[in-house]
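Number of protein chains: 4
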Amino acid sequence: MNKSLTILVNCTDEKGLIYKITRVLYENGLNIVKNKEFVDEANNRFFMRTETEGEADQKVLLEALTRELPPNSRIEVVPDRKKKLVILATKENHCLGDLLMRNHFNEWNAEISAVISNYDLLKDFTERFNLPYHHIPADALSREEHEQLLISTIRNYEPDYIVLARYMRILTPGFVHQYKGKIINIHHSFLPAFIGAQPYRQAYERGVKIIGATAHFVNDHLDEGPIICQNVIPVDHTLNASEMAKAGKGVEKMVLAQALKLVLEDKVMLSGNKTVIF
Amino acid sequence: MNKSLTILVNCTDEKGLIYKITRVLYENGLNIVKNKEFVDEANNRFFMRTETEGEADQKVLLEALTRELPPNSRIEVVPDRKKKLVILATKENHCLGDLLMRNHFNEWNAEISAVISNYDLLKDFTERFNLPYHHIPADALSREEHEQLLISTIRNYEPDYIVLARYMRILTPGFVHQYKGKIINIHHSFLPAFIGAQPYRQAYERGVKIIGATAHFVNDHLDEGPIICQNVIPVDHTLNASEMAKAGKGVEKMVLAQALKLVLEDKVMLSGNKTVIF
Amino acid sequence: MNKSLTILVNCTDEKGLIYKITRVLYENGLNIVKNKEFVDEANNRFFMRTETEGEADQKVLLEALTRELPPNSRIEVVPDRKKKLVILATKENHCLGDLLMRNHFNEWNAEISAVISNYDLLKDFTERFNLPYHHIPADALSREEHEQLLISTIRNYEPDYIVLARYMRILTPGFVHQYKGKIINIHHSFLPAFIGAQPYRQAYERGVKIIGATAHFVNDHLDEGPIICQNVIPVDHTLNASEMAKAGKGVEKMVLAQALKLVLEDKVMLSGNKTVIF
Amino acid sequence: MNKSLTILVNCTDEKGLIYKITRVLYENGLNIVKNKEFVDEANNRFFMRTETEGEADQKVLLEALTRELPPNSRIEVVPDRKKKLVILATKENHCLGDLLMRNHFNEWNAEISAVISNYDLLKDFTERFNLPYHHIPADALSREEHEQLLISTIRNYEPDYIVLARYMRILTPGFVHQYKGKIINIHHSFLPAFIGAQPYRQAYERGVKIIGATAHFVNDHLDEGPIICQNVIPVDHTLNASEMAKAGKGVEKMVLAQALKLVLEDKVMLSGNKTVIF
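What follows is the structure in structure tokens.
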């Protein structure tokens, strides 16, 4: 017996929460393997993530926790299961390639179901890994029409998360709402610097001495969603914009992989427009 | 009312520990502000650090926790109080200077009681901050005789921790045992690389591309005590040994300051020859 | 004989420049100790910094170089001399303290002539290092009137550079022009993110996972001058804005010190609104 | 016309070297695109790397430079050409995968000719990229016998460099001498810490707070060859040895890729047991 459940709690802060939650787990025969909590004092919110081992009925557990915790608490009891991903890409190969390789070698408790792109450039590469590649061109289509085609393809795969692996088109609020909290993007700058198009060009023009990458959930505002991971590398005056773009590929794929790992392990909780990373 | 206590537990792992500990805190009217735990599966040990607010009798709390937890548990109930430090230095000024400045501006919940050195080079500088400076030369003395003089001076200050701010003499096991778990050293390499004398010289000879610093507790074996913090900076072929030594000063003082901050906030627990950092 | 001169060239790029410059140096009996060059292809500019040893007449050298290089070249022949600094501060002590300590221990080929502040908070500290502290309050003065007082004090010291060590007032274009290319500021964010007031508050609100610091020359546009150095540290959801401000102090003082070191060693050349760092 | 030659010089230091070298280039009609030099004062050696554009006869250039420079100078005139690589691997896929992907997308001025392994685990993966995979088992063979098989396979490809992408067998001096200065290894620690087998296990036992990777040329002494690149990532007490191994994969593949890029661009010169990186 080694079944594992992860309990996620997001509720109003009050005295005794850890005690009450761990008592429920104890009384249901669960052993705590990892436990992390955070009190957001500014907003009086309590966050907790608890990894357990032992067998328990998910529904019973959820009901018991609901009884103990304040009204309107958000409580999740998450079983350990393989999550499904759909990747959206455009022309760049480095983030997609890194994800396909990790998928191929079963590095994560996840599987990529399909790759979708508005170009066919990455088709041959994707198919070498025996994965479906959907080429959905955007030409002559309105943004909404194109997204309708995306959605009808995505729907077939019922993904847990949609990963934008340098997908270079802006998504409409309609699309974003359809997959609220489930779209992860990698932006090629350390946000909030260099929002929008051509961040390396912007970085070059500004003469910065570091460039970076940001993985974030997508919301209605371009490049303004909750940040999951960020990292940077040093640069200097000898790099022009396109050399910065090349140099940045390594940090982009690393940051995206780190963020995805955290999300797939249920270690990322949303707190307004920010993330709590456990 | 905002009295704060920190509870530190290090015991054999078993089911229900978080529940049992937090129940005691709850029943004693304490609110948990921060809680971190770690299960060392390889050694079947459980570690927990809990910051609380609310008034409680330290002794009552300790007894209640002792009743709940396995035999031979190490339990500490630590009140929030200013800790006292004695600094040992030799000739280098950068780590000492950084500590004196932070002390002068009350950056930490600690106070430096005195500086002791086998040289008088840093006397004028130390006294500018109105701190006692004890010049205890080692010339013509055996290692033990010199340390006896150190000990009789240190004794007057009853420090919580002794900080070796680039103190360049090796301490005997006798001295180390006297202050077991209370001596913090900054070593000017990323240990275990370049143990012992002249690590920058060694780094230069080896042609490494990173140099670093390690803050650690001192034990009987030179540069082998439990590591608290480490960091590195990039270097290249243009730096000779003495330029590396200069370049490394910044990371040395930063790593020492980070380690001391963690220790002073009771966030460092010992686990064999390693540290658990909460 | 070990006199050292540094030659700085910034001119239109053309074939043979390194050959022509090094020929002049060779014919004047100088040995090259260090040589770095950079061709900015986008703007067709050539930059070179050459450290030499050997005795030569500065004026003769400058004339010979001027003859060899394209018209309108900017050529400097810089002798190795102690540079003078005036520090402007407000209330924060960490950057000032770090600079005063480095000055006290003669870490650089520079000397701090005086500290000027609109508050008297750092007076006692500064005077411990036997340095003049000018308290010039800004109350009831227009920005221009206050700056006139600053200027008349600064004038007495004829500084090579003015260092803004967390000086929290915005300088007028009039002041900036008076000291064009000679004012170095440390901004407490990785620019261009979080320009202006309270960057740590902005960083906290945005939920970033890295914070940083930027040392730059001051120009007419707030926080938009040429960047010299930048660095970052990781943060997470557990830090509020004031904890980020505390955590950022270390990187601020390190970045400012790195930038100053480069400037004092004549390793920073201006290229439009960017820097070339040799 | 945009032919490019790179000139590499390693000679005894003396006055006028840059002048003499650049005069030859100038007189041969070459334009210098990039120029870097380094004087190793401790050993009185001069290193220079010059990228040029323009057409020139390689042999004529080499002879002219040889006439100008001190006897026994090592001078190379390197044309810009695609280099050939043979990869040796064992069971780990992350470094190999990263290299194959970069090769597939023509990221470098190089091509992987073949992959050789003592296991057949990575055969399917390699062949997806249409590259030959040679499975040469070591079972029941002496070290020398196995290496003879390797050599006869490698010989068919005449590679410029042999890359050990986590190849887990120790090479004999015989093999190393055959490919002197041409074998690049990635070691999974920040050398010289944790030489030899199971560096992550060693790192875990020592309780370090950073782990890293080192790319180096292979010489006769295990993990003691000239270091090209190193980098680290932070770790903490929560990671056991196998989790450190997983966490370290990202930095391993990044460091190996950085080192290879430098080598392929002729930016790495050997200086005794160290490297000069231009």
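Residue numbers (this note's numbering), protein chains in the order written: chain A, 3 to 280; chain B, 3 to 280; chain C, 3 to 280; chain D, 3 to 280.
Here a beta-carbon is modelled for each residue, glycine too, at the ideal position from N, C-alpha and C.
Cβ of residue i within 7 Å of any chain D Cβ
i        : result
Arg76/C  : no
Gly252/A : yes
Ile186/B : no
Arg208/B : yes
Arg168/A : no
Span separating the alpha-carbon of residue i from that of residue j
i        : j        : result
Asp59/D  : Val257/A : 46 Å
Asn33/A  : Leu19/A  : 18 Å
Leu159/B : Leu264/B : First, the amino acid is wrong: residue 159/B is Tyr here, not Leu. Taking the straight line from one Cα to the other gives about 22 Å.
Ile235/D : Asp122/C : 43 Å
Lys211/D : Lys38/B  : 18 Å
Lys269/C : Ala91/D  : 44 Å
Asp222/B : Pro139/B : 23 Å
Arg51/A  : Val11/A  : 7 Å
Ala215/D : Glu254/D : 5 Å
Tyr135/C : Thr128/C : 7 Å
Ala44/D  : Leu241/B : 11 Å
Cys13/A  : Val35/B  : 15 Å
Ser1/D   : Ile172/D : The structure shown does not extend to residue 1/D, since chain D is modelled only from 3 through 280, so no value can be given for it.
Leu71/C  : Phe40/D  : 25 Å
Glu146/C : His218/D : 59 Å
Helix, strand or coil at residue i according to DSSP, with G and I counted as helix
i        : result
Asn108/D : coil
Glu57/B  : coil
Met3/B   : Caution applies to Met3/B, whose pLDDT of 44 falls short of 50 and renders its modelled position unreliable; the value that the coordinates give is listed next. Note: Met3/B maps to coil in three-state DSSP.
Lys36/A  : strand
Val265/A : helix
Asn95/A  : coil
Ile156/C : helix
Asp141/C : coil
Arg69/D  : helix
Pro283/A : The question about residue 283/A has no answer here: the residues shown for chain A are numbered 3 through 280.
Met271/C : strand
Lys276/C : strand
Lys251/A : helix
Arg25/B  : helix
Phe127/A : helix
Ile172/B : coil
Leu193/C : coil
Asp42/C  : strand
Leu102/B : helix
Glu149/C : helix
Leu166/C : strand
Leu133/A : coil
C-beta atoms of residue i and residue j nearer than 7 Å
i        : j        : result
Leu87/D  : Ala112/D : yes
Leu63/C  : Val79/C  : yes
Arg203/A : Ala243/A : yes
Ile230/A : Thr155/A : no
Ile279/D : Met246/D : no
Ser6/D   : Asp126/D : no
Glu94/A  : Arg25/A  : no
Asn275/B : Pro228/B : yes
Ile292/C : Val165/C : A query on residue 292/C cannot be resolved here, the shown segment of chain C reaching from 3 to 280 and no further.
Chain B contact for residue i (CB, 7 Å cutoff)
i        : result
Ala247/D : no
Below-7 Å beta-carbon distance, residue i vs any chain C residue
i        : result
Tyr30/D  : First, the amino acid is wrong: residue 30/D is Asn here, not Tyr. Cβ-Cβ to chain C under 7 Å: no for Asn30/D.
Gly227/B : no
Asn33/B  : no
CB contact below 7 Å: residue i versus chain A
i        : result
Arg51/B  : no
Gly214/D : no
- Output the residue ranges of the alpha helix (DSSP H) runs that lie fully inside the region 196-246 of chain C and measure 4 residues or longer, sorted by chain position. For secondary structure counted as the alpha helix (DSSP H) over 4 or more consecutive residues, the region 196-246 of chain C holds these complete runs in sequence order: 201-208.
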